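Take the sequence shown: its letters are residues -19 to -1, 1 to 207, numbered as in mature numbering (1 follows the signal peptide of the UniProt record, and there is no 0).
So the structure is just underneath, and the comments pick up after that.
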Amino acid sequence: MKRILFLTLSAVVLLTACSKDEDAKKDDSVTINGDSYPTAKIGSQTWTTVNYNGPGGTNYNNGNNDPSLGKLYSFVDARTLSGLPTGWRVPTEVDVAKLIEHIGSETDGRGKKFLNEVNSKKLTATSGWEPAGLNGSNSTGLNIRPTGYYFSATTANFESKGTNGSLWTISKDQLGQALFLEVSYSMWEEPSNTISLRGSLVGTTLTGETNDSFVEKRPIRFVKDN
């Protein structure tokens, strides 16, 4: 009888442990518009860790789709994207400011918050950056990839794959510029003028809101509060 009771209790413990494991796994991804996206908890937020690869959007150089890189979308796309699970959203300026502050921001001579190279690398992927010395540590798990972006003003161009990673917010600054988080080469703030990575909020007037011929397209991520 004792042996039967022991086996029964063991089975209950095992099932409970498996149930907890399954619950943990459920928290490690989110399904958006039919596709599953891995997530990472960073401070008080949870972020998706690969770029959105849903309907619409543009592949870099109009090439074949690479799900590990996702697609490039306009600011209008980011603002009008629907079908998100409860609590999830395209980030705002405030969301990105919280992320930067959590990682450890500095303030430049113009009063702008930014991430230096060491802290930028906490957000970026461990491969794909050029030169390879700029590959990140990805210690946060955010895994920003150097996807480049699409830029259309007088002519249409794809720019900076390998050297520029970004993600849209749905916010605008006081000048009406659409804001995005960008990690890229930066030389101007370095006294030695050496190549380094810098992460910060950047604005663009190429929103595509009034003329879709004047537009930037960049990756989209999602965030929720823990």
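Just so it is clear, CB atoms sit at the ideal spot from N, CA and C, and this is done for glycine as well.
Computed from a prediction, not measured in an experiment: that's the story for all the values here.
Which class does V31 belong to by DSSP, given the choice of helix, strand or coil?
-> coil
Compare the beta carbon distance of P127 and G114 with 8 Å and say whether it is the shorter of the two.
-> no
Below 7 Å CB to CB, which residues in the same chain sit around F77 once its five sequence neighbours on both sides are set aside?
-> The question names Phe, yet the displayed sequence has Val at residue 77. Once the five neighbours on either side are set aside, the close Cβ partners of V77 are T150, L162 and L182.
Contact set for N138: own chain, Cβ-Cβ below 8 Å, skip 5 residues either direction | Y131 and F132
Can you find at least 3 beta carbon pairs, one from the segment 187 to 202 and one from the segment 24 to 36, that sit closer than 8 Å?
-> yes
Can you tell me which of I84, A21 and T61 puts its alpha carbon nearest to the alpha carbon of residue 279?
-> Coverage of the chain is limited to positions -19 through 207, which leaves residue 279 absent and any answer about it impossible.
For Q26: DSSP bridge partner residues | I23 and D206
In the DSSP assignment, find the unbroken alpha helix (DSSP H) run with S181 in it and report its ends.
-> Premise fails: S181 lies in the beta strand (DSSP E), S177 to T185, not in any alpha helix (DSSP H).
Skipping 5 residues on each side, what residues in its chain have a beta carbon closer than 8 Å to that of G143?
-> G109, W110, E111, P127 and G129
Could you tell me which uninterrupted beta strand (DSSP E) segments, each at least 3 residues in length, are contained entirely in the segment 118 to 159, listed from first to last along the chain?
-> 130 to 133, 137 to 140 and 145 to 153
Could you have a look at T107 and say whether DSSP puts it in helix, strand or coil?
-> coil
Distance CB(G122)-CB(K79) smaller than 8 Å = no
Alpha carbon to alpha carbon, what distance is there between L50 and Y41?
-> 9 Å
Is DSSP giving D47 helix, strand or coil here?
-> coil
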